[in-house]
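Asks: Take this structure, written in structure tokens, and hold onto it; I'll ask about it next.
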Amino acid sequence: MTLRQFLIRKLMLFFTLSTLITIAIYILGTSFDPAARFGYDGFLSPLIYAGVCVVPSLVTWSKRELKLRELLLRELLQFLLTETIVLGLAFRSSVIDTSRPAVVIGIAGSVLVIYLLAFLISWATNSAEARETDRELQKFQRLHGVDLCVSNETAQEN
Amino acid sequence: MDVKIRQIGEGEQEQVLICCREVTEEVQEIAAFIRSRQGSLSGVQDEKQYEIPISELYYIESVDGKTFLYTKAQVYETSYRIYELESLLRPKHFLRVSKSMLLNLMKIRSIRPALNGRLVAVLQSGEEAIISRSYVKDLKSALKGEA
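So the sequences go chain by chain: A and B. Number 20 in the working numbering belongs to position 20 of the first sequence; there are no gaps in the numbering. Just remember that the working numbering sits 158 ahead of the position in the second sequence, which is counted from 1.
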């Protein structure tokens with residue numbers, strides 16, 4: 001994957017995260033602080049959090065194709081960095097009451113849920129691409145006469 | 159056995175269809191002859207040289223600087239380099255799917271997703287081959303007849 005393709009993927013991730021973070025803020029806010037009121041700048045917080053959460057995903061960048069083990073390790077590192085950054089921001093924020101353990105657990109839990117949902121959305125996109133490619137393959141094989149009838153091998157010794 | 163030859167138009171795929179009640183040795187021989195006319199590659203197995211019909215190859219892989227030809231159940235070593243085979247076998251529906259592998263598109267049973275934007279080709283032999291992300295675009299183009 002080129003750096004350009006990688007950054008396009010990260011841009012898509014940013015918009016996915018913005019949506020999911022907006023939902024998470026709504027759920028956490030109505031659960032822990034339903035009386036709170038915000039100004040127009042409140043609309044920016046999902047975008048800021050999404051932008052910040054995309055940064056740790058840069059650890060998955062590699063010019064060469066990563067092996068499964070390497071990929072999983074980097075995904076784990078990305079998740080841990082995201083948790084650290086989001087909780088760090090929450091503890092520095094004056095509007096989030098981090099003295100309540102339930103709030104901290106709620107934020108940490110929503111990072112995990114958003115991380116998993118973003119992963120599932122990416123998997124679903126990939127699956128749709130695979131299904132489409134599979135359909136194209138079947139069409140291609142029908143057109144070019146796939147050989148399914150006789151499978152015995154006929155290599156000739158010289 | 160009746161032998162019929164039917165002329166077809168430009169857009170149609172040339173093919174030999176054998177209609178038989180049973181796949182006998184004779185039928186196998188006819189099929190082998192037709193395949194041999196479609197080209198073959200030389201490969202070595204247990205110090206013996208073989209001619210392997212191209213249509214029987216599932217994939218070709220380069221491992222530690224050596225190139226291997228894989229059929230359904232056999233592996234042969236060849237003196238060709240993978241880049242040489244890539245251009246040689248392109249018209250025979252072989253496509254590069256990773257740095258070290260050429261895949262026979264006619265031997266893929268299905269395609270399924272893998273992690274990190276990659277795809278997995280499940281071959282008719284049951285084996286699986288990873289299609290690298292950087293080659294997915296080429297695969298799609300080839301299947302649409304654009305490459």
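All residues carry an ideal CB built from backbone N, CA and C; glycine is no exception.
(1) Per DSSP, which residues does Q207(B) bridge with? Please list them.
(2) Between the beta-carbon of S93(A) and the beta-carbon of A50(A), is there less than 8 Å?
(3) Kindly list, in the order they appear in chain B, the residues whose Cβ is closer than 9 Å to that of T82(A).
(4) I'd like to know whether the C-beta of S127(A) is nearer than 8 Å to at least one C-beta of chain B.
(5) With distances taken between CB atoms, is the gap from T225(B) to I240(B) smaller than 8 Å?
(6) Can at least three beta-carbon pairs, one atom from the segment 269 to 278 of chain B and one from the segment 61 to 77 of chain A, be found at a separation below 8 Å?
(7) Residues of the segment 165 to 193 of chain B in Cβ contact with chain A at a cutoff of 8 Å, in chain order, please.
(8) By a C-beta neighbour count over all protein chains shown, 10 Å radius and 16 as the cutoff for buried, is T182(B) buried or exposed?
(9) Taking the straight line between their C-alpha atoms, what separation do you get for F191(B) and G197(B)?
(10) Since A118(A) and L20(A) should fall inside the 8 Å C-beta cutoff, what is the C-beta to C-beta distance between them, to a whole number of angstroms?
(11) Does the CB of L7(A) have a neighbour CB from chain B at under 8 Å?
(12) For Y216(B) versus Y228(B), is the C-beta spacing smaller than 8 Å?
(13) Against chain A, which members of the segment 267 to 281 of chain B pass a CB distance test of less than 7 Å?
(14) For a contact meaning CB atoms closer than 8 Å, what does W178(A) contact in chain B?
(15) Can you grab the Cα-Cα spacing for the pair Q207(B) / V59(A), in whole Å?
(16) Using a Cβ cut-off of 8 Å (strictly closer), state whether L137(A) contacts chain B.
(17) I'd like to check one pair, E75(A) with A108(A): are the Cβ atoms closer than 8 Å?
(18) When you compare only the Cα positions, how much space is there between G29(A) and E132(A)?
(19) How many Å lie between V113(A) and L72(A) at the Cα?
(20) Checking contacts by CB at 8 Å: is M264(B) closer than that to chain A?
(21) Check whether the Cβ atoms of S268(B) and S290(B) lie closer than 8 Å to each other.
(22) Residues of chain B with CB under 9 Å from T133(A), in chain order?
(23) Could you list which residues in chain B have their beta carbon closer than 7 Å to that of Q141(A), in chain order?
(24) My output table needs one value for L66(A): the three-state DSSP class, helix, strand or coil.
(25) In whole angstroms, give me the CA-to-CA distance for L148(A) and K230(B).
(26) Would you say L66(A) lies against chain B (beta-carbon separation less than 8 Å)?
(27) If you reduce the DSSP assignment to three classes, tell me which class L58(A) lands in.
(28) On a Cα-Cα basis, can you pick out the residue from V233(B), E242(B) and K302(B) that is closest to L263(B)?
(29) For C178(B) and H251(B), I'd like the C-alpha separation in whole angstroms.
(30) Does any residue of chain B bring its CB to less than 8 Å from the CB of A130(A)?
(31) So for I48(A), helix, strand or coil by DSSP?
(32) Under the rule that 16 or more other beta-carbon atoms within 10 Å means buried, what is V55(A), buried or exposed?
Replies: Reading from the atomic positions:
(1) According to DSSP, which records beta bridges pairwise, Q207(B) is partnered with V202(B).
(2) Not in contact: S93(A) and A50(A) (Cβ atoms no closer than 8 Å).
(3) Per Cβ cutoff of 9 Å: no residues; T82(A) is ~18 Å from chain B at best.
(4) At a cut-off of 8 Å between beta carbons, S127(A) contacts chain B.
(5) For T225(B) and I240(B), yes; Cβs fall inside 8 Å.
(6) In this structure the segment 269 to 278 of chain B touches the segment 61 to 77 of chain A; the number of beta carbon pairs closer than 8 Å is three or more.
(7) Residues passing the 8 Å Cβ filter: Q171, Q173, I176, V181, V185, Q186, A189, A190 and R193.
(8) By the 10 Å Cβ count, T182(B) comes out exposed.
(9) If you take the alpha carbons of F191(B) and G197(B), they lie about 10 Å apart.
(10) Contact holds; Cβ gap of about 7 Å.
(11) It does not: the Cβ of L7(A) has no partner Cβ on chain B nearer than 8 Å.
(12) In contact: Y216(B) and Y228(B) (Cβ atoms closer than 8 Å).
(13) Under the 7 Å Cβ criterion, the segment 267 to 281 of chain B contributes S268, I269, R270, P271, L273, N274, G275 and L277.
(14) Nothing about residue 178(A) can be reported from this structure: the residues present for chain A run from 1 to 158 only.
(15) Rounded to the nearest whole angstrom, the CA to CA distance from Q207(B) to V59(A) is 48 Å.
(16) True, the Cβ-Cβ gap to chain B drops below 8 Å.
(17) Against a cut-off of 8 Å, the Cβ pair of E75(A) and A108(A) comes out as no contact.
(18) Rounded to whole angstroms, G29(A) to E132(A) spans 40 Å at the Cα level.
(19) So the alpha carbons of these two residues sit roughly 17 Å apart.
(20) For M264(B), a Cβ of chain A is located within less than 8 Å of the residue's own Cβ.
(21) No, these two residues do not count as a Cβ contact at 8 Å.
(22) At a C-beta separation below 9 Å, T133(A) has these neighbours in chain B: I269, L277, I289, V294, L297, K298 and L301.
(23) Ordered by position in chain B, the residues that pass the 7 Å Cβ test against Q141(A) are M264.
(24) In this structure, L66(A) counts as coil in the three-state DSSP scheme.
(25) Confidence at L148(A) is low in this model, with a pLDDT of 48, below 50, so the placement of that residue should be treated as unreliable; the coordinate-derived value is given next. In a straight line, the C-alpha of L148(A) is about 12 Å away from that of K230(B).
(26) For L66(A), the nearest beta carbon of chain B is closer than 8 Å to its own beta carbon.
(27) Correct three-state label for L58(A): helix.
(28) The option with the nearest alpha carbon to L263(B) is K302(B).
(29) Approximately 27 Å between the Cα atoms of the pair.
(30) It does: the Cβ of A130(A) has a partner Cβ on chain B nearer than 8 Å.
(31) Three-state result, I48(A): helix.
(32) Around the Cβ of V55(A), a 10 Å sphere holds fewer than 16 other Cβ atoms; the residue is exposed.
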